[in-house]
Structure formats: structure tokens, C-alpha cells
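Protein chains in written order, with full-length UniProt numbering: chain H, 1 to 308; chain R, 1 to 449. C-beta atoms are modelled at their ideal positions from N, C-alpha and C, and glycine is treated no differently. Predicted model, so just to flag it, every value in this text is computed and none were measured.
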């Protein structure tokens, strides 16, 4: 795609008087490009690639309380794949993602379409109000919901629902996540909607389409790439589910176990049980799951997303 | 919900900055790389000793210490409560920098940290001279022979706190055995129409469970840090199962609640009329007073109910000590700080510790002083509660902790928590914990007996 766009411009340049100058300026451009990329590259290497390499290295060792550190090759990975607690966590976040992602994107899309259609002062207020939860730090937001779910303090305490029992807690956590992130996704989708040419709607109206039809048949398909992006972020977020369960854990450790999600499990392995090596192996496996999950999604939606 | 986490997190960022600064210093200065066996250099001027602790009212104790010492200055950080602090400590010890000189450790954590060989043997710095100031069981928690890993500070002898007003309202008598306790619980349930529970059995505190096992005579582990690679695991002993069977019955009959400890709902329950008793440790009142002051003056304390009528079996829940890490530049001075902060001679510190922080002292001269045993507490309607706690403390037997206590507590709480959630057998949860712990210990290279 990119080639097709640039070739008409490139053709005259190639046919220009001096091929040499062209190449030299190209090289200079490349050097300048590297210079621009440098700060990012340095940070990427220092804070992502090097730590990852280090984590990968320690994931290949095994350290025990008595025998110390020994090279174990892929033993930790084998153990993690066989570990029923890891599997339980992975299955849980997959289920969570399957339910959470459509709910989250649905809510965000609905809100975005509504504020895009309405142009009153109320829509501006609503846009801000829906976005505010995203501005609240996750830890604070989760603590706040912890109080709201409280049996003795919360506004729902009269209902007799235990929001943190093992049957309900996943839904309660999903509610917190939706509250926190739907506004953010809404803004992403709303921005995409704002970028659409208004004439399309007019033509649709002339053809007799109602507001609902315009929203569903015109607007939604036209922002499909933004939808794919928001969905992708949501999938990655749900697979790496961590902060909310960790913060709510003290409310009912029997329901939110120490292996509730793979990330929580990896955290506890490292920082409660000093199993840094095993924790690194779990983290890498989870990274692989996230990567594969994201890839499957991108592959499945490649026609709509224009992200090829 | 642990609001304390907020401040802990804030402190943690500060300590990260401190760690970075310390690293910078270490890079500019020349690293000695020496062991603690090498004779310490003689310090010049005032030595700053970094201390991590989360005692309530500890700032006043530090100020008092600094005001009375010119050669040593304590720099205190609250690095979080319990596991929060241990997480940071483990990381700092493993990293080789960023750890404090003196650190508060709960008694059950000492073997865990002693095994890492990052604790300084205080026996080399005169700790054995103060051995006589402590009860035998307390000293055995912090030492192995002549090796001393920490200096005990406070303990958590257990007793039954009860709401005098609720007992009077429903005409309950103070139980002395667990059978009587259950009978009173049934009476309370019927009389209050199920509004009040006899107590709350939080499944999220391994120390609480172990305290009750301790009273019943269970010995979950056989372990001596002098022989570090060998351990006996007996988590699902008959004594422990007896305790769990009893409480499973209490919970299933609606006599005891299972709200997690240290949560808002739990404290609200103590402040309202939801719970008639609280099986508390010696330090418990301090935390309750801060979080559930509503019922101040209505509480009283009675000895823990017994399994055998007339017996005097007791257990401990929590309690703490000061250890010195191998990152202390002057281990002798750090040891002196650890010994002296809450030492027998430091009556000023204990005044703060007892009057304001509700610490239960382990030093016998303080413990047996009239000032302590005869002290009346407004929170307990003027009762001299230490007349209950002190004899309980003296009757506690010895108990070994495992060198992987986080895992131990996690297994106890996770398995019980799930048993409660899924309404499965409590004793089976102990069997599951036993199996997992044995597997874990074997994986870790221990010879498991």
C-alpha cells in the first residue's frame, strides 16, 4: 500500500539529473531519522529490552532456598505449563476477556455515538463526565469501589448481595474495569467519529436513512479501525489483569486467590515466595499468550482494520 | 481495605529515591565489599541508623531515643505493614542495597530471613547478655543456641475480648471452655434473632489460625535454623484439625461470621453490635481502638476459652522483634539500637509503647511492673486487662516456624478461604495445605520428615 502511494512521487526523483546526490541526501535523511529515533531507542533498550533479556535469563535458572541457583534450562516453563494454578488463571482471564471486551467496547461505542449525534451543552458535560474515571488512578478507583461494595458501608448494603463472593467477584471486577476504561475508549471512538466527513450523513439522510441507521450502517463501519484498536487494547488489558484483583484481594482472599490471574500469581511468586525465576517464566508465558491472542485478533479482523 | 497501603506506597517511592541516592553514593565512594566478620571501622561523629518499623506511635519512641543519644541517630521509615514491608525487604536484601540497618520482623518471619543469611548474629554483639530479660518461649523464637537473630519487642498472647453490653443485654455468661463458648453463641444467635454473631473468624490471617492451633498444642513445624536444610511438616495434625472442626461447626451453624480480618466491614462489625467477642492478641486493642472506636468502654477481656476445663493452655498471635541486616555498616551500633529501643531499661519508650501504642512488652521487668499489670484501660471500661494477658503470655509454649512462612500462611489462608467459599471441609483444607507445603519444601531442597 505504501509503495503504491509513494511511487509516483519517487519516479520523477529517480529520473532527475543526479542519482548520486539523491542517494547522499537519502543517506543524510537516514542519519537524521536515526537521530530522531535515538531517544526512543535508548529508552526502549534500557527500560524494556534489557530488563526483558535479564528476566529471560533468570527464567532459565532455578533458585531454591537450600541449594541456591542452578541452571535449569526450560524447567520453569515446563512447570508453569503443568501448573494447574497458572492454567486456572489463564482460563479465568480468557473468560473475563470474552465477556469484558464486548461489554466495554459496546458501552464505549454507544456513548460515543450518542455524544456524536447530540450537540447540546449536555453532550459536552457527558463527554467529560464519562472520561473522569479514566483520570482517577486505578488504585484509588479500585479502593473506592471496595468501599462501595462494602457490606456495612456501601450504598448497596441493603440489597443483601455479596459483591466479593467467589460467584460474583469477577463481575464486580469487570464493573470496575468498565467504569475505569469505558470513558477512555469512548474518547478514542469519538475522536474517530469526529474525523468522518459529514457529507456522508447528508447523503444518507437524503436517501432516507434515520439517525439509528446512520449510526449503525454508516458511522460504525467507518470507524472500524478505531474499534479494532480499542478492542485490541482491551484484550491486552484483560489478559494482563492485575491491579484491581490485587487491591480487592484483602476483602475476600478466598474468592480472589493468590493465583487469581496469571499476573497476580507471578507477582506473588516473586514478592511473597521469592520465586523470582519461576515468576519470570510465568511472565514470559503470559507475554506469549498476550502476543498470540493479539495476533489472532488482528488476523481475524485484518479486512476491517486496515492494519495489515 | 487496608488504607495503610496508601502511605506505604508513598513511602515506597520515597525509599526508591533514597535507594537511588544510596546507589549514587556507593558508586562515588569506594565499595569495601567486606564481610561483617571484618572488624568494623570506627565511626566518627553521629552514626545514623536506618530503621524500618510500623509500630503505632513509633515516631515518639524514635524522637525520645534521638533526644537521649548523641552518638547514634535513628532514621525511621514506615515501609509498610507486614507483607508490604517484607516484600521490600526481600528485594533490597537480594539486591544487596537499599535495606535498612535495623528492621522490624514479626516473630514468625525470623527463620525466613535468617535462612537468607542476611541477618547479623546479634550474639556476637552482646545480645545474650539480655537473654534473662525475656520469657523462655519468646527468646526461643529469635535464637538458636548462642546465635541470636533478633531482639523480641512485643508479643501477642491471645485472650477473648467481649462486649460487656451485649453480654448483659442477652444475659450471656463469660465462657471458660470452648464448649461453653459455643453454648453462649447459640444463646446469642437465638436471642438476637441472628443479628449478632459470637465472633468473626477471618480466614485471611495465618497468624490468628496458628495462635489457635498453638493453644490446642499443635506443632505445625519442627525446624532449627542451626540445621537449616531439614524440616518436619505437620500442618494437618490432630490438634489443628480439632480446632478447624470446631470452627467449621461454628461457621456452618451461623454462630461465627467469616468476614476477612482487618477490613472495613470487620472493624464496623466490632464497632456495632455485630460481634459479641473478638479473639484478640495482646496488640489487638490498639488497632481496634484506632479503627472501631465506636464501642470504646464497652469491651472487657477474659482468658481464652480452654479445650479442657481448668487448663491454662495459651497461644500467641503475632508479636515482633528487631533484627539487624547485613547491610548495616556498623553492625555493633545497629545491634545496640536493636537491643536498646525497646530494652528493659528504656522505660520511657515503653511508656509510649504501652500507653499509646498498646504494645504488649516481652521484656519481663516491664511486663511484671505494677505500672503495666495494674494499668487500667478506658477502652475496657477501666478494667486491668493485663491481669489477663500477662498470665496468658507466661503460659505460652514453644513453637517452631518454617523458613518459608509466607508460603505457609498463604497455604493456610488460601485453602481455608476456598473451603469457606465452596462450603467444603475445613479439615480437608489442612490436608491440602500439608501436601502442598511438603511438595514446596521438597522442591526447595529441604529434607522433609
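Report yes or no: is there a C-beta of chain H within less than 7 Å of the C-beta of residue 226 (chain R)? Working through the second chain from its first residue, we reach residue 226 (chain R) at position 226. The beta-carbon of residue 226 (chain R) is placed no less than 7 Å from the nearest beta-carbon of chain H.
Determine the burial state of residue 217 (chain H): buried for a count of at least 16 other Cβ atoms within 10 Å of its Cβ, exposed for fewer. Walking along the first chain from the start, residue 217 (chain H) turns up at place 217. Exposed: under 16 other Cβ atoms inside 10 Å.
State the DSSP-derived secondary structure class of residue 200 (chain R), mapped to helix, strand or coil. Translated into positions along the second chain, residue 200 (chain R) becomes position 200. Taken through DSSP and simplified to helix, strand or coil, residue 200 (chain R) comes out as strand.
What three-state label does DSSP hand residue 213 (chain R) in the structure shown? Within the second chain, residue 213 (chain R) is the residue found at index 213, counting from 1. Residue state, collapsed to three classes: helix.
Return the residue from the list H:65, H:240, H:254 that minimises the CA-CA distance to residue 411 (chain R). If you number the second chain from 1, residue 411 (chain R) lands on position 411. Looking at H:65, H:240, H:254, the one whose alpha-carbon comes closest to that of residue 411 (chain R) is H:254.
In chain order, what residues of the same chain have a beta carbon less than 7 Å from the beta carbon of residue 188 (chain R), not counting five sequence neighbours either side? For this step, residue 188 (chain R) is matched to residue 188 along the second chain. So the list reads 170, 172, 196, 198, 276, once near-sequence residues are dropped.
Identify the contact partners of residue 253 (chain H) in chain R, using a Cβ-Cβ distance below 8 Å as the criterion. Here residue 253 (chain H) refers to the residue found at position 253 of the first chain. Residues of chain R passing the Cβ test: 203, 204, 260, 413, 414, 417.
Got a sec: is the Cβ-Cβ distance from residue 274 (chain H) to anything in chain R below 7 Å? Within the first chain, residue 274 (chain H) is the residue found at index 274, counting from 1. Residue 274 (chain H) counts as touching chain R.
If you count every other CB in all the chains shown that lies within 10 Å of the CB of residue 118 (chain R), and 16 or more means buried, which is it? In the second chain, counting from the first residue as 1, residue 118 (chain R) sits at position 118. Buried, by the Cβ-count rule.
Any beta carbon from chain C within less than 7 Å of residue 393 (chain R)'s own beta carbon? In summary, chain C is missing from the structure at hand, where the protein chains are H and R.
Taking the C-alpha atoms as reference points, what is the distance between residue 419 (chain R) and residue 261 (chain R)? Indexing the second chain from 1 puts residue 419 (chain R) at position 419. Indexing the second chain from 1 puts residue 261 (chain R) at position 261. As the crow flies, the alpha-carbon of residue 419 (chain R) is around 17 Å from that of residue 261 (chain R).
Less than 8 Å between C-beta atoms, sequence neighbours within five positions excluded: which residues of the same chain meet that for residue 133 (chain R)? Sequence index remark: in the second chain, residue 133 (chain R) carries index 133 (1-based). Once the five neighbours on either side are set aside, the close Cβ partners of residue 133 (chain R) are 343, 344, 363, 364, 365.
So, at 6 Å on beta carbons, what are the nonlocal neighbours of residue 432 (chain R) in its own chain, with the 5 sequence-adjacent residues on each side left out? Taking the first residue of the second chain as position 1, residue 432 (chain R) is located at position 432. Apart from the 5 residues on each side of it in sequence, residue 432 (chain R) sits with its Cβ closer than 6 Å to the Cβ of 415 in its chain, given in chain order.
Give a yes or no on whether 7 Å exceeds the smallest Cβ distance from residue 129 (chain R) to chain H. Numbered from 1 along the second chain, position 129 holds the residue referred to as residue 129 (chain R). No, because no Cβ of chain H sits closer than 7 Å to the Cβ of residue 129 (chain R).
Is residue 327 (chain R) helix, strand or coil when you go by DSSP? In the second chain, residue 327 (chain R) corresponds to position 327, counting from 1. Coil, per DSSP.
Going straight from the alpha carbon of residue 309 (chain H) to that of residue 57 (chain H), what length do you get? The structure shown does not extend to residue 309 (chain H), since chain H is modelled only from 1 through 308, so no value can be given for it.
Is it buried or exposed, residue 350 (chain R), if we count other Cβ atoms within 10 angstroms and call 16 or more buried? In the second chain, residue 350 (chain R) corresponds to position 350, counting from 1. Residue 350 (chain R) is buried by the Cβ-count criterion.
Residues that residue 67 (chain H) contacts on chain R, provided the C-beta gap is smaller than 7 Å: Within the first chain, the letter at position 67 stands for residue 67 (chain H). Under the 7 Å cutoff, chain R gives 445.
Return the CA-CA distance between residue 39 (chain H) and residue 33 (chain H), expressed in angstroms with no decimal places. Translated into the one-based positions of the first chain, residue 39 (chain H) becomes position 39. Translated into the one-based positions of the first chain, residue 33 (chain H) becomes position 33. Taking the straight line from one Cα to the other gives about 11 Å.
Do residue 146 (chain R) and residue 427 (chain R) have their C-beta atoms within less than 7 Å of each other? Taking the second chain and counting its residues from 1, one reaches residue 146 (chain R) at position 146. Taking the second chain and counting its residues from 1, one reaches residue 427 (chain R) at position 427. Taking C-beta atoms as the reference points, residue 146 (chain R) and residue 427 (chain R) fail to come closer than 7 Å.
Report the CB separation of residue 406 (chain R) from residue 273 (chain H) in whole angstroms; it is logged as a contact under 8 Å. Taking the first residue of the second chain as 1, we reach residue 406 (chain R) at position 406. Taking the first residue of the first chain as 1, we reach residue 273 (chain H) at position 273. Residue 406 (chain R) to residue 273 (chain H), Cβ: 6 Å. Contact.
Supposed contact pair residue 144 (chain R) and residue 224 (chain R) - C-beta distance, whole angstroms, cut 8 Å: The sequence position of residue 224 (chain R) within the second chain is 224, counting from 1. The sequence position of residue 144 (chain R) within the second chain is 144, counting from 1. Taking C-beta atoms under 8 Å as the contact rule, residue 224 (chain R) and residue 144 (chain R) qualify, at a distance of about 6 Å.
Please work out which residues of its chain come closer than 6 Å, Cβ to Cβ, to residue 398 (chain R), disregarding the five sequence neighbours upstream and downstream, and give them in chain order. The sequence position of residue 398 (chain R) within the second chain is 398, counting from 1. Hits under 6 Å: 137, 140.
Does residue 271 (chain H) get closer than 7 Å to chain R when you measure Cβ to Cβ? Here residue 271 (chain H) is taken as the residue at index 271 of the first chain, counted from 1. Taking 7 Å as the threshold, the shortest C-beta distance from residue 271 (chain H) to chain R falls below it.
Which residues does DSSP pair with residue 447 (chain R) in a beta bridge? Taking the first residue of the second chain as 1, we reach residue 447 (chain R) at position 447. Paired residue(s): R:230.
List the endpoints of the continuous alpha helix (DSSP H) containing residue 355 (chain R). Here residue 355 (chain R) refers to the residue found at position 355 when the second chain is read from its first residue. Boundaries of the alpha helix (DSSP H) around residue 355 (chain R): 347-355.
Mind pulling the beta strand (DSSP E) runs of 3 or more residues that sit fully within the stretch 350-433 of chain R? Runs of the beta strand (DSSP E) spanning 3 or more residues and lying entirely within the stretch 350-433 of chain R do not occur at all.
By the DSSP assignment, the alpha helix (DSSP H) with residue 106 (chain R) in it spans what residues? Position 106 of the second chain, counted from the first residue, corresponds to residue 106 (chain R). Counting along the chain, residue 106 (chain R) falls outside any alpha helix (DSSP H), though it belongs to the beta strand (DSSP E) covering 102-106.
Could you say if the stretch 181-188 of chain H and the stretch 228-236 of chain H meet the contact criterion of at least three C-beta pairs nearer than 8 Å? The answer is yes - the stretch 228-236 of chain H touches the stretch 181-188 of chain H, with three or more Cβ pairs under 8 Å.
Grab the span of the alpha helix (DSSP H) containing residue 241 (chain H) for me, first residue to last. Taking the first chain and counting its residues from 1, the one referred to as residue 241 (chain H) is at position 241. Careful: residue 241 (chain H) lies outside any alpha helix (DSSP H) and carries neither H nor E.
Residues in the stretch 141-174 of chain H having any Cβ partner in chain R nearer than 8 Å: So the list reads 143, 146, 147, 150, 151, 152, 153, 165, 166, given in the order they occur along the chain.
Determine the direct distance from the alpha carbon of residue 317 (chain R) to that of residue 112 (chain H), and round the result to whole angstroms. Residue mapping note: residue 112 (chain H) aligns to position 112 of the first chain, counting from 1. Residue mapping note: residue 317 (chain R) aligns to position 317 of the second chain, counting from 1. Computed Cα separation, rounded: 54 Å.
Chain R within 7 Å of residue 194 (chain H), Cβ atoms only: As a working note, residue 194 (chain H) is residue 194 in the first chain. Chain R places no beta carbon closer than 7 Å to that of residue 194 (chain H), leaving this residue out of the contacts.
Which of helix, strand or coil DSSP assigns to residue 299 (chain R): Working through the second chain from its first residue, we reach residue 299 (chain R) at position 299. Strand.
Just to confirm the assignment, what range does the alpha helix (DSSP H) spanning residue 340 (chain H) have? Because chain H spans 1 through 308 in this model, residue 340 (chain H) falls outside it and cannot be assessed.
Which of the three DSSP states is assigned to residue 29 (chain H) in this structure? The residue labelled residue 29 (chain H) in the question sits at position 29 within the first chain. Residue 29 (chain H) falls in the helix class under three-state DSSP.
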